[in-house]
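Here's the structure, in structure tokens; my notes come after.
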Amino acid sequence: MDKPAHRPHDRPPANAAHRPQKHIRRRSIKMRTLKILAALAIPALLAAPAAQAQGKYPEKPIRLIVGSAPGSGPDIIGRMTADRLYETWKQRIIVDARPGAAGAISADLTLQAIPDGYTWMMLTSQLFVASQVLPGLKFDLAKDFQSIALIGTVPFVLLANPTLPAKSLKELIDLAKKSPGKIRYGSAGTGASEHLSGVLLTQLTGTDMLHVPYKGVAQSITDAIANEVQITYAVMPAALPHIKSGRLRALGVTPPKRSPLTPDVPSIGEAVPGYAMYGWYSIVAPTGTPSAIIDQVSAEVVKAAKEPAFGERLKSLGIEIVAGDRKVLDAWRASEHKRISELVKVSGAKAK
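Numbering follows the working numbering, in which position 162 of the sequence shown is assigned residue number 198; successive positions increment by one, without gaps.
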């Protein structure tokens with residue numbers, strides 16, 4: 037029998053046995069490509085919700101912890117700032133006054149919070165002084181708090197009960213020299229800036245006055261009006277109403293220059309060469325707070341401080357506006373640490 041003719045198209049191609057391997061390699065390359073693309077896409081997908089979440093900040097009320105009593109300078113500035121930011125965010129900022137230990141209590145409390153952007157602290161000069169004179173503090177101002185914004189600087193005022201025979205700073209110094217340890221002066225607490233203001237005066241004048249610490253400036257003012265202490269030091273926003281009412285007499289302001297709000301009140305440095313003290317207000321957050329939130333809050337606080345209406349309110353309290361962002365506050369804190377350290381060393385101020 038004749039064999040059927042072999043048709044060319046029935047012959048298997050020479051490379052037929054290798055085709056499956058090529059298909060496998062192609063599929064393998066595709067799979068690897070898809071895996072690489074997926075790996076690149078996942079971080080972007082994860083970042084998107086985070087960015088959206090940060091964009092919605094704040095989503096709930098914020099707590100601003102103030103280390104001074106209600107009615108004090110930091111409390112007043114804190115509430116002004118809270119009210120202004122509410123207009124922007126429509127979220128409440130709850131000012132939580134926690135006086136005591138010159139602000140150290142507020143610092144400890146702030147560091148107990150989760151650093152998620154919903155807990156801030158009003159950092160003032162008094163806490164810088166406290167960190168130099170109070171023993172056993174459990175925090176490090178430089179490491180444990182991130183800068184948000186520097187609002188401004190403010191003078192302290194030396195106030196006297198109107199019944200005090202001394203009508204001027206010079207007369208006060210003379211009286212103190214004649215009666216060592218008899219004149220009592222109040223402050224917002226041991227280690228507070230007001231305390232250091234008094235220590236610096238006694239050191240530079242060679243006088244001896246008895247320090248009476250209170251839990252906040254409001255209490256020290258109340259007792260000065262009641263003549264429980266003859267003089268007290270108070271930040272300008274807290275002192276001004278009592279100067280205007282005549283309940284207390286201003287003998288001097290602590291910065292090198294007179295305050296525009298009390299132009300007739302001399303600076304203490306006019307009678308005591310080398311004397312200079314001032315306070316300042318800033319806002320910080322616990323270290324670990326997201327940087328994007330810090331930037332957002334910093335921008336809003338600086339914007340508010342620069343607004344004419346808000347700025348005029350600050351100036352009416354005797355505050356010189358700085359309106360510095362987080363970088364400005366970082367530099368300020370470093371400079372102030374050096375300045376206050378030197379003042380404490382020269383004055384010999386120590387908590388007892």
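C-beta: ideal position from N, C-alpha, C; glycine also. Note that this is a predicted model, so its numbers are computed, not measured.
| Item | Value |
| --- | --- |
| 8 Å Cβ cutoff met for V380 and V165 | yes |
| Alpha carbon of I141 to alpha carbon of K342, nearest angstrom | 31 Å |
| N-terminal and C-terminal residue of the alpha helix (DSSP H) that F164 is part of | S161 to V169 |
| Local Cβ density within 10 Å of Q148, reported as buried at 16 or more and exposed below that | exposed |
| Beta-bridge partners of H247, as assigned by DSSP | Y221 |
| Bridge partner(s) assigned by DSSP for L284 | L284 is not bridged to any residue. |
| Simplified DSSP assignment, three categories, for R362 | helix |
| Separation of P249 from V235, as counted between CA atoms | 12 Å |
| CA nearest to the CA of Q332, picked from G107, L121 and S371 | L121 |
| In DSSP terms, what V289 is bridged to | V193 and S303 |
| Those residues which DSSP pairs with M157 across a bridge | I101 and V320 |
| Nearest candidate by alpha-carbon position, reference A254, set G310, A133, E95 and T298 | A133 |
| Beta-carbon gap between L353 and P302 smaller than 8 Å | no |
| Rounded Cβ spacing between M158 and V102 (contact assumed at less than 8 Å) | 5 Å |
| DSSP bridge partner residues for Y181 (one or two, in chain order) | The sequence shown places Phe at residue 181, rather than the Tyr named in the question. According to DSSP, which records beta bridges pairwise, F181 is partnered with P322. |
| Integer-rounded CB distance, given that S183 should sit under 8 Å from L365 | 4 Å |
| Reduced DSSP secondary structure (H/G/I, E/B, other) of A254 | helix |
| Nearest-angstrom Cα separation, counted from A138 out to T238 | 20 Å |
| Range covered by the beta strand (DSSP E) that runs through T268 | I267 to V271 |
| Cβ contact check for the region 264-280 and the region 211-221: 3 or more pairs under 8 Å | yes |
| CA nearest to the CA of V271, picked from K96, I112, Q127 and I319 | I112 |
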